[in-house]
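Sequential numbering from 1288 applies to the sequence shown in our numbering.
Data first, discussion second: the structure below is written as structure tokens.
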Amino acid sequence: ALEQMLARIGDGDVARGVEEAERRLAAAEEARALRADLEASYPDLARLEAEIADAEAAREPWTFDPDALDGARARVRELAAREADLRAERARLDEARRRLEAEVRLDDLDGELEALGLERERLAWTRDRAWLLARIVREVDRRFREAHQPDVVRRAAAHLARLTAGRYEALLADEDERGAIRFNARTADGEAVPVESLSTGTREQVYWALRVALLDHLDRAGASLPLMVDEVFVNWDAERRARGLELLRDVSARRQVFVFTCHADWATELEREGARRIDLPRLPASAGGGAPDPAPGEGADSGGAA
């Protein structure tokens, strides 16, 4: 039976089996010696083996990289030095606190708090007074500008109220810190809205009102000048265009008006209002940069009404 076992260990060769058996017996003896050393060095070896088994079951590492261990030791030394510095800083702060407690009395603190409270009340009164004065100045300035604004702005405000059907009843002019003129349109409920924040159609109503007002203002110095406009109502809806056309009709009673448009329907509408329509000649393709002749009512020079 022994020969059979040795032959099995030696892959059929009894002599090789004997050598392998001797090697294994020596390894087992060395393992027993190492186990004895471990048990002597680590009395809680059984607990450590259980923790290693649990770590391997959870697929967690339990071996240590020597470089990582050196880094951890250096970090421990750094933290120990930091702890010593913090302890020294704490002792210094405790000493400073004890000195302050000995120097500052509660009565002194109460007095300082009371003085700060009075100063706060004074500053609040000053702030409220400045706010009130600023409101008064702004209101006086608004009333002054409304009462003494230039003739052009007054006339434009009247035209704007008409063009917007009373939605904006006044136009206020002001200068910013750089001296540029800024306009605000005042609503019926008194709100002043910057013109640049209005819609495109409403802004063009403001510009149209200013343009007509400027012409009326210049007429005071001499004869009425003719007015030439090009697509002045192109961004206006039907309701706005009707009110703009009404103002244009009034203007044409005082001066000659030329209206240029490439929209045939707009030219027809002007014709119905009594305008004389003049269709301008189309430029040939060679003179217009190679573009084909536009269809009737669609070209840049297709329609004109005066």
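All residues carry an ideal CB built from backbone N, CA and C; glycine is no exception.
With C-beta atoms as the reference, is residue i less than 8 Å away from residue j?
i	j	result
R1530	R1449	yes
V1482	R1490	yes
V1546	A1562	yes
H1504	V1439	yes
E1338	L1332	no
E1290	V1301	yes
L1293	V1305	yes
V1473	A1457	Per the sequence shown, residue 1473 should be read as Arg rather than Val. Yes, the Cβ-Cβ distance between R1473 and A1457 is below 8 Å.
E1518	T1548	yes
G1509	A1475	no
Roughly how many angstroms separate the alpha carbons of residue i and residue j, rounded to a whole number?
i	j	result
S1486	E1406	49 Å
V1499	H1550	23 Å
P1579	V1521	Bear in mind that a pLDDT of 46 at P1579, under 50, signals an unreliable position, so the number given afterwards is only what the model happens to contain. Between P1579 and V1521, the C-alpha separation is close to 24 Å.
A1587	W1418	Low local confidence applies: a pLDDT of 36 at A1587 is under 50, so the model's placement there is unreliable, with the coordinate-based value given in what follows. Distance between the alpha carbons of A1587 and W1418: 56 Å.
S1589	R1559	In this prediction, S1589 has a pLDDT of 37, which is less than 50 and means its spatial position is unreliable; nothing more can be read from the coordinates.
R1569	E1478	49 Å
A1308	A1288	14 Å
S1511	L1501	12 Å
W1523	R1425	34 Å
L1410	L1403	10 Å
R1310	A1368	52 Å
R1442	R1414	40 Å
L1366	W1412	54 Å
L1534	L1447	10 Å
E1370	V1363	10 Å
Nearest by alpha-carbon distance to residue i: which of the options is it?
i	options	result
L1532	A1496, L1512, S1484	A1496
L1567	V1521, A1554, A1402	A1554
L1459	L1380, V1493, A1452	V1493
V1516	V1544, D1506, L1534	V1544
E1556	A1540, P1571, R1536	R1536
Starting from residue i and walking both ways along the alpha helix (DSSP H), at which residues does that stretch end?
i	result
L1293	1289-1296
V1305	1301-1328
V1482	Run containing V1482: none; DSSP gives neither H nor E here.
V1538	1525-1539
D1552	1551-1559
L1335	1332-1344
Between which two residues does the beta strand (DSSP E) carrying residue i extend?
i	result
I1468	1468-1474
L1514	1514-1517
F1545	1544-1548
Tell me whether residue i counts as near the ligand FMN, meaning its Cβ is closer than 7 Å to at least one heavy atom of that ligand.
i	result
H1550	In the structure on display, the ligand FMN does not appear, and there are no ligands present to speak of.
Exercise for the section: Report the residue ranges of all beta strand (DSSP E) runs contained in full by the stretch 1414-1454; include only those spanning at least 3 residues, in chain order. Expected result: As far as the stretch 1414-1454 is concerned, it has no whole beta strand (DSSP E) run of at least 3 residues.
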